[in-house]
Each structure stands twice: as structure tokens, then as C-alpha cells.
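Participant: Numbering (our numbering), first residue to last: 1 to 160.
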Ligand code: 4NP
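1) Could you tell me the alpha carbon to alpha carbon distance between residue 59 and residue 78, rounded to whole angstroms?
2) Assign residue 127 to buried or exposed, taking buried as 16 or more other Cβ atoms, counted over all protein chains shown, within 10 Å of its Cβ.
3) Could you tell me whether the region 50–70 touches the region 80–87, where touching means 3 or more Cβ pairs closer than 8 angstroms?
4) Suppose you measure from the CA of residue 121 to the CA of residue 114; what does that come to, to the nearest Å?
5) Going by DSSP in three states, residue 71 sits in which element: helix, strand or coil?
6) Residues around the ligand 4NP, please: the condition is that the C-beta lies closer than 7 angstroms to some non-hydrogen atom of it.
7) Measuring straight from C-alpha to C-alpha, what distance separates residue 8 and residue 31?
8) Give me, in chain order, the residues of the same chain whose beta-carbon lies closer than 7 angstroms to that of residue 35; leave out the 5 immediate sequence neighbours on both sides.
9) If you measure between the beta carbons of residue 50 and residue 28, is that distance less than 8 angstroms?
10) Please tell me whether residue 69 and residue 41 are closer than 8 angstroms, where the distance is taken between their beta carbons.
11) Looking at the structure shown, is residue 86 part of a helix, part of a strand, or coil, going by DSSP?
12) With distances taken between CB atoms, is the gap from residue 20 to residue 71 smaller than 8 angstroms?
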């Protein structure tokens, strides 16, 4: 079976989408699905390119047993629309920007993340100007979303 290629996109690629990438990879591994899930993340903006995730995202992930410290921020580019089957926007502004950046012939499936995984078209709120509680809330939303995503994509499929 071919792996699903899943890209998480936020604004800066230092707070929310690195959590999406790290959590999905970790939860897929726990279910024995690593060979079926390829995941990455990017930002619609390029200001933080080359930087590690925000230390508050690294800390909240670590508190839940997930290491995202080796990720580096990058900007979304046209080739991503060929490479990834599913592109998830963390909020509606990201969704609008992703659609604007997408090549006209893009075949990628582009969705608001919480809408795809829960049917509730909610933003994952930008925690950049918030505090540790905001990062904990983002972790909880994204973690629940990633668990649902694996259920949706792989329910009933054998792990190996
Ligand atoms: P992210 O959060 O989009 O979840 O990575 C942000 C990171 C940086 C900025 C805004 C949001 N910024 O304004 O630099």
C-alpha cells in the first residue's frame, strides 16, 4: 500500500504545524503505521525559515513524550502541491493563503485541519502571542485531530 503524504501548514512553521508533523508521526508509529504515513510541515510565510520550532512548542511536545526539536522551519512552495496528497491548514487565513499559492493544476487535497478531522470548521488558534496554556490547548486540539485523522485514513486496515 502506498503511504499517505500529509503536509501541515501554518503561518510561521514554528508553533502549530511543527506540532502537527511531530504528533502525527508519533501517533502513527504507536499504531504501527509509520510505513504508511509520510508527514512534514511548512509555513505560508518565510520569516522563520531555518529556525527550530518555538521553544514553547518544543516544551509542550516534550511534556507529552514527543521530540520535535530537530525540525526546521521552511516556507510552503509550489512543489509541495505535487509531493503531498493532503495539505492541512491550521486556520482559515492559512487556508486562503495556501489556495493562493497553489499552482492552478494542483491535485492536492487542501482542507482546514479541524474541519477534515472533526467536521467542525474551527481554527487551531495561533498561540504565538499567548502563554503556555495556549500551547497546551493547541497540543490537545492537534493531538485529538491526529488521532482522528489516523482513524479516518486507516480504520480497518492492518498495521503491517
Ligand atoms: P505559527 O505561529 O504560524 O503557528 O508558526 C506563528 C509564528 C510566528 C508568527 C506568527 C505566528 N510571527 O508573527 O512571526
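Beta carbons: idealized from backbone N, C-alpha and C, even for Gly.
Facilitator: Result, derived from the coordinates:
1) In the chain shown, counting from the first residue as 1, residue 59 sits at position 59. In the chain shown, counting from the first residue as 1, residue 78 sits at position 78. Each residue's Cα considered, the two are about 31 angstroms apart.
2) By one-based count along the chain shown, residue 127 stands at place 127. Label assigned to residue 127: buried.
3) Taking 8 angstroms as the limit for Cβ pairs, the verdict is that the region 80–87 does not touch the region 50–70.
4) Taking the chain shown and counting its residues from 1, the one referred to as residue 121 is at position 121. Taking the chain shown and counting its residues from 1, the one referred to as residue 114 is at position 114. For residue 121 and residue 114, the distance between alpha carbons rounds to 6 angstroms.
5) Mapped onto the chain shown, residue 71 falls at position 71. Residue state, collapsed to three classes: coil.
6) Having a Cβ closer than 7 angstroms to some heavy atom of the ligand 4NP are 10, 11, 12, 13, 14, 15, 16, 17, 43, 47, 48, 54, 90, 126, 127, 128.
7) Here the question's residue 8 lines up with position 8 in the chain shown. Here the question's residue 31 lines up with position 31 in the chain shown. Here the alpha carbons of residue 31 and residue 8 stand approximately 20 angstroms from one another.
8) Along the chain shown, one-based indexing puts residue 35 at 35. If we look at residue 35 and ignore the five residues flanking it on each side, its Cβ neighbours are 3.
9) Within the chain shown, the letter at position 50 stands for residue 50. Within the chain shown, the letter at position 28 stands for residue 28. No, these two residues do not count as a Cβ contact at 8 angstroms.
10) As a first step, residue 69 is located in the chain shown; it is residue number 69 there, counting from the start. As a first step, residue 41 is located in the chain shown; it is residue number 41 there, counting from the start. With contacts defined as CB atoms closer than 8 angstroms, residue 69 and residue 41 fail to qualify as a contacting pair.
11) Along the chain shown, read from residue 1 onward, the residue named residue 86 stands at position 86. Of the three classes helix, strand and coil, the one that applies to residue 86 here is strand, per DSSP.
12) On the chain shown, position 20 is the one that residue 20 refers to. On the chain shown, position 71 is the one that residue 71 refers to. Remark: C-beta atoms of residue 20 and residue 71 do not approach each other more closely than 8 angstroms.
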